[in-house]
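Below: the structure, in structure tokens.
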Amino acid sequence: MTYSVLLATEKPFSAAARQQVVGILEQAGYAVTVLERYASKAELSSAIAGAHAVIVRSDIIDAEVLAAAKELKLVVRAGAGYDTVDTARAKALGVAVMNTPGQNANAVAELVFGMLLYVLRGRFDGKTGRELRGGSLGLHAFGAVGRAVATIAQGFGMKVHAFDPFVEPSALEALGVTPVTQVEQLYERSQYVSLHIPATPETRGSIGKALLERMPAGATLINTARKEVIDEAGLLETFAARADFRYLSDVAPSAATLAELEAKYAQRFYCTPAKMGAQTEEANVNAGLAAARQIVGFFERGERRFIVNA
Ligand code: 3PG
30 MTYSVLLATE KPFSAAARQQ VVGILEQAGY AVTVLERYAS KAELSSAIAG AHAVIVRSDI
90 IDAEVLAAAK ELKLVVRAGA GYDTVDTARA KALGVAVMNT PGQNANAVAE LVFGMLLYVL
150 RGRFDGKTGR ELRGGSLGLH AFGAVGRAVA TIAQGFGMKV HAFDPFVEPS ALEALGVTPV
210 TQVEQLYERS QYVSLHIPAT PETRGSIGKA LLERMPAGAT LINTARKEVI DEAGLLETFA
270 ARADFRYLSD VAPSAATLAE LEAKYAQRFY CTPAKMGAQT EEANVNAGLA AARQIVGFFE
330 RGERRFIVNA
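Residues 30 to 339 (this note's numbering) are what the sequence shown spells out, left to right.
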């Protein structure tokens, strides 16, 4: 049987990554369709109609798109977060959903420090800034990105703490990271907190004033995770209450919050103009190729590793 695979990336991979992804799938004998920079859900729904598998990035695969995908067996999210895929609906329809964990982690971790250095050095305005060495960094979750951030932070000479109830404290200690068992402790001990939690019903709106007001002087929150985990009202209250608080984000808040932050707190707020975390050549290649290989493994060898909706 000839499988049809759709590469649907509203935000395209680099040309080299796309070429290699298509190459792996064609070598397996699959028919590949590429849909990039599409303008509407209707376009995606029409392209996915005959596909047996689809590779996506942050593209929205909701119930409506799934309903149009009559042949679909597998969705691979080339990346970590799969909050843009209706995994429950997919499961009900017998469609497996996978991610490619860790493949773009280094790109995201490097961006954490790119944003931090840029802002701590006054956006390169020529005035005296601050260094990272000796600072305390709290990692809110210690998955692949958290780990990569920890390694780089140690290179900068930072003290690293982490809160992750799913990771054994001994595993953190083995990497020179101090575990904390209560999330409040993480914020109390960390001048810088970097968010690496997924957007789930439990985490949505969970980062607000109650945690942020605990941070020591020079408090800086860095969000390369998801905008949904922030309680935006609480974020604005924190900015109003603390003249030292900074927020650096690769995931833009809602339009109203963004406008208020830019109007009132521009000196202490930075947001990338577009989501940049996974936008490196290396991450495109790593995540794209992993996705293509996982599709071949699934159809040819029944491999089910990385399924997130089993
Ligand atoms: C992820 O979850 O892997 C990152 O947020 C990257 O998302 P992107 O592929 O849409 O850039």
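The C-beta atom is built at its ideal place from N, Cα and C for all residues, glycine as well.
T210 sits away from V189, with the two beta carbons spaced by 8 Å or more.
Counting only runs of 3 or more residues that sit fully inside the stretch 223-276, the beta strand (DSSP E) segments are 249-252, in chain order.
The beta-carbon separation of A316 and A307, rounded to 7 Å, stays under the 8 Å limit for a contact.
Set against 7 Å, the gap from the CB of N315 to the closest heavy atom of ligand 1 is not smaller. The beta-carbon separation of H169 and F185, rounded to 18 Å, does not stay under the 8 Å limit for a contact. Distance from the C-beta of S87 to the nearest heavy atom of ligand 1 is below 7 Å. Not a single heavy atom of ligand 1 lies less than 7 Å from the C-beta of A228. Taking 7 Å as the cut-off, one finds no heavy atom of ligand 1 near enough to the beta carbon of Q323.
Here the stretch 54-72 makes no contact with the stretch 130-145; the two share fewer than three CB pairs at distances below 8 Å.
Within 10 angstroms of the beta-carbon of M127 lie 16 or more other beta-carbons, which makes it buried. DSSP places E65 in the strand class (E or B) of the three-state scheme.
Relative to the Cα of E202, the nearest Cα in the group S165, V212, Y221, A179 belongs to A179. As DSSP reads the structure, H169 sits in a beta bridge with F192, L224. For I89, the three-state secondary structure derived from DSSP is coil. Ranked by Cα distance from C300, the options N252, Q214, P245 are led by N252.
Here the distance from the Cβ of A281 to the nearest heavy atom of ligand 1 is not below 7 Å. A direct Cα-to-Cα measurement between T232 and V212 gives close to 12 Å. Sequence-distant Cβ neighbours of F274 in its own chain, meaning closer than 8 Å and more than five residues away, are L241, M244, A248, T249, L250, T267, F268, R297. Around the beta carbon of S283, fewer than 16 other beta carbons lie within 10 angstroms, which makes this residue exposed.
Out of A288, R176, P41, V94, the CA that lies nearest to the CA of A200 is found in R176. Within the DSSP secondary-structure output, M127 pairs in a beta bridge with V105, I336. If you ignore the 5 residues before and after A262, its C-beta comes within less than 8 Å of the C-beta of G237, all in its own chain and listed in chain order. Cβ neighbours of S219 within its own chain (closer than 7 Å, five residues either side excluded): S165, L166, G167, H190, M244. If you compare the alpha carbons of R333, A321, A339 with that of V61, the shortest gap goes to A321. The criterion of a C-beta distance shorter than 8 Å is not satisfied by L35 and V94.
Rounded to the nearest angstrom, the Cβ distance from G58 to P227 is 35 Å, too far for a contact under 8 Å.
For Y299, there is no enclosing alpha helix (DSSP H); the enclosing beta strand (DSSP E) covers residues 298-300. Taking C-beta atoms as the reference points, A80 and D115 fail to come closer than 8 Å.
For T38, the three-state secondary structure derived from DSSP is strand.
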